[in-house]
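Residue numbers (the working numbering), protein chains in the order written: chain A, 685 to 893; chain B, 1126 to 1348; chain C, 250 to 461. Cβ coordinates follow ideal geometry from the N, Cα and C atoms, glycine included. Notes for the one structure printed next.
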Amino acid sequence: MMTISFDSVGLSFGAQRLFDSLHATLPSGQITVVTGQNGSGKSTFLQLAAKFIAPDTGKVVAAEDGSILQKDAFRSRLAMVTPEWNLYARLTAEENLRFFLGLRGMELSAEEIRVLWERVELKWEDTRIPLAGKLSTGMRQRVKLAVLLAVEADVWILDEPCANLDASGWEIVLRAARQAASEGRLILWATNDPREEAAADAVIHLPWN
Amino acid sequence: MQSSIFHGIKLVFRKEFLAGMRCKAAWAAIFMFALTTLSCVSLALQGAVLEPKLQAALFWMVLFFSSMTGMDRCFAEEEMSGTFLPLRLYGAAQAVLFGKMLYSFFLLLVLALFISILFFILLDVGSVSLPEFLAVALAGVLGLSGAGTFLAALTTGAGVKSGLFSVLMLPVILPVFLPAIFLTGRVFGGDSMPFSHLGGMLLYDLLLMVGGSVLFDYFWYEE
Amino acid sequence: MKYLSYLIPMLTVLTCYLVFAVVPPAEGLGELVRIAFFHIPLAWLSVLAFLMSAWWSAAYLRSGSMRQDALSACSAKLGFFAVLLATVSGAMFSKLTWGSYWNWDPRQTTIFVLILIYGAYLTLRAALPNPRKRARTSAVYSLFSCLTVPFLVFIIPRLYFSLHPTPVLNGDGHVDMEPVMLATLLLALLDATLVYVWLLFHAVAKEDPHEP
């Protein structure tokens, strides 16, 4: 059982106070959706949860069965899909996938990779021949999803994961998140789409103040 | 755990190498920069004969500034193209640092070879003891790539980038730079080389890498 | 802190009185010796501030407290001023006694490297807009630049010939200075250190009124 808890978290950007004594507990085994208008701090909330940034006051704690996880241990259990991150434009999709998996000490057989590309509905030749920089935005998003599915992380942090995806891509994300939650993973999902909100087990509305 | 770090280093190096080979422009820019500065020096001298000490200083200055143009990209490019975040998410600090360091070392080695050949031809360096020259060049390149890779990482997130890298680099690399010029001067002059200096350089190279390695964790897993 | 505000002016006046009225002209250097009583404490401060800045950098990396970062930054700023003044006073002394402003004497080289490190550290700070990122990155750089210290202390003196007088306290523990000069110098060093401490904590307290 993993949790990420926000304990009276405060954060400002310059003069703008984004959060003030924010309390939240995100448990594993469910999808927690974060909603809010543009500029309400959704992405910042996710970055805090991922422990990529530290709050000004209060703290964000990741714990497993009551014992606190250190930063590097927590990071090795985490996978993210955000609009800010890109694939290496000069590697092919498969080289990207193998690189990120390899960094986590994982290696997949050719067959496992073929199955993975099928899961995200990408054509095999599109993943091996063109460099990732030449793929369409939607296809790159699918490659990022493939990385997410393959690393089998315990914590998923998804920032608008369905952006640039068509209806079938949308289905893939939703199905994968549901299954991951039922397997006991912690899913944190930022979105403004009411259909995605409907799939949530819990919803956090921003702004907090 | 040990094997996974070596595996990670190999992966990062391979990634850098593949991406580097597919970007001819980056290589071309570095080598053309080296060629431009060298020919500037050579043209300005108009065949005048330089003292070995001055030759050595010029050699290391060309190598230093050419390497600056090559190395400051090694993290800045990740940041610009949006791959810094996933690299930080999936990659362990030491694997990333040493993988990139290995690639910088390789890049600078090729660059140093290129500059040396041109330098020997254009500036008419007398007969030198090649093993001694290579030993000094290797020790210098090791320090440059060790400190350079680490400091390039520190410039990520900086608003002003151009020049910052060289500013950070110079004070830290002087302990490699000064003995390297001193020793290369002796080699160019046909004098014997005091090996205690070379040992000192290598020791400092090692110190830079160990220090960088310890501090990099604080940088990489920052909040 | 309050006592310091009274003690420092008194000590400064006393030191100035000793330097200009009591210390006799030195053999060979004449009246110029008085520059040394400003130059040596400034040089001492630039080294002290550098080491303290690194110390607070390490403390910041351990605790993450922004106050440590402010102390480290402030120490570096004071050190930067000290190192500039030390360089200028040293160059003046050098021109008047040895005939040239600069000759890459080991200690000049050392202080020059210090200027470069301070400059690099402060430039790095100015270039990083995010306060936490700035704190962490500059702390890491500050500690990394400390790796040059063994080189400055052990290697440079072997590479370059020195004109500087041997240290006041020689290797064999023998003090090579007139008692009145030594007392004045020690007093000047103490005064400079207290000024540094006072300025540092004063500036940091002003920056963050919530901290005690």
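Under the Cβ criterion of 8 Å, residue 390 of chain C is counted among the residues facing chain B. Contacts between residue 1148 of chain B and chain A, judged by CB atoms closer than 9 Å, involve 774 in chain order. Taking a cut-off of 8 Å on C-beta distances, the segment 720-729 of chain A does not touch the segment 775-793 of chain A, as fewer than three cross pairs fall below it. Counting only runs of at least 4 residues, the segment 712-738 of chain A fully encloses the following alpha helix (DSSP H) elements, listed from N- to C-terminal order: 726-733. Rounded to the nearest angstrom, the Cβ distance from residue 1301 of chain B to residue 1330 of chain B is 7 Å, consistent with a contact under 8 Å. For residue 764 of chain A, DSSP records a beta bridge to A/841. Around the beta carbon of residue 1174 of chain B, fewer than 16 other beta carbons sit within 10 angstroms, so the residue counts as exposed.
DSSP places residue 1178 of chain B inside the alpha helix (DSSP H), whose first and last residues are 1177-1196. When the Cα atoms are used, residue 749 of chain A and residue 319 of chain C turn out to be separated by approximately 37 Å. By a beta-carbon distance limit of 8 Å, residue 735 of chain A contacts residue 744 of chain A. Their separation comes to about 6 Å.
Sorting B/1297, B/1222, B/1309 by C-alpha distance to the C-alpha of residue 1252 of chain B places B/1309 at the top. Shown in chain order are the members of the segment 372-399 of chain C whose Cβ falls below 7 Å from a Cβ of chain B: 372, 373, 376, 377, 378, 379, 382, 385, 386, 389, 390, 392, 393, 394, 396, 397. Look at the beta carbons and you see the segment 1158-1176 of chain B not touching the segment 819-826 of chain A: under three pairs across the two are nearer than 8 Å. Sixteen is the threshold: since fewer than 16 other Cβ atoms of the shown chains lie within 10 Å of the Cβ of residue 707 of chain A, the residue is exposed. Of the candidates A/702, A/851, A/795, A/832, A/702 places its Cα closest to the Cα of residue 721 of chain A.
Between residue 1293 of chain B and residue 1276 of chain B, the C-beta gap is smaller than 8 Å, which places the two residues in contact. Around the CB of residue 709 of chain A, fewer than 16 other CB atoms lie within 10 Å, so the residue is classed as exposed.
Under the Cβ distance rule, residue 818 of chain A does not count among the residues neighbouring chain B, no pair being separated by less than 8 Å. Among the CB atoms of chain C, one or more fall inside 8 Å of the CB of residue 1332 of chain B. For residue 431 of chain C and residue 288 of chain C, the gap between their C-alpha atoms comes out near 14 Å.
Secondary-structure assignment with DSSP links residue 748 of chain A through a beta bridge to A/686, A/751.
Between the segment 335-353 of chain C and the segment 301-311 of chain C there are fewer than three inter-stretch CB-CB distances shorter than 8 Å, so the stretches are not counted as touching. The shortest CA-to-CA distance from residue 1202 of chain B to any of B/1219, B/1225, B/1186, B/1191 is the one to B/1225. Residue environment: residue 1322 of chain B is assigned as buried (16 or more neighbouring CB atoms within 10 Å of its CB, all protein chains considered).
Residue 1343 of chain B has a beta carbon lying within less than 8 Å of a beta carbon in chain C.
For the options A/861, A/841, A/719, A/883, the alpha carbon positioned closest to that of residue 767 of chain A is the one of A/841.
Within 10 angstroms of the beta-carbon of residue 403 of chain C lie fewer than 16 other beta-carbons, which makes it exposed.
The three-state secondary structure of residue 1159 of chain B, taken from DSSP, is helix. Taking the Cβ atoms as the reference, residue 390 of chain C lies roughly 11 Å from residue 1289 of chain B, outside the contact range of under 8 Å. DSSP, read as helix, strand or coil, puts residue 1173 of chain B in coil. About 12 Å separates the beta carbon of residue 1269 of chain B from that of residue 1240 of chain B, a gap too long to meet the 8 Å contact definition.
Contacts with chain A at 8 Å (Cβ-Cβ) do not include residue 1229 of chain B. Secondary structure of residue 1279 of chain B (DSSP, three-state): helix. Residue burial annotation: residue 859 of chain A is exposed, with fewer than 16 other C-beta atoms found within 10 angstroms of its C-beta. Residues of the segment 1316-1330 of chain B with a C-beta less than 8 Å from any C-beta of chain C: 1325, 1329, listed in chain order.
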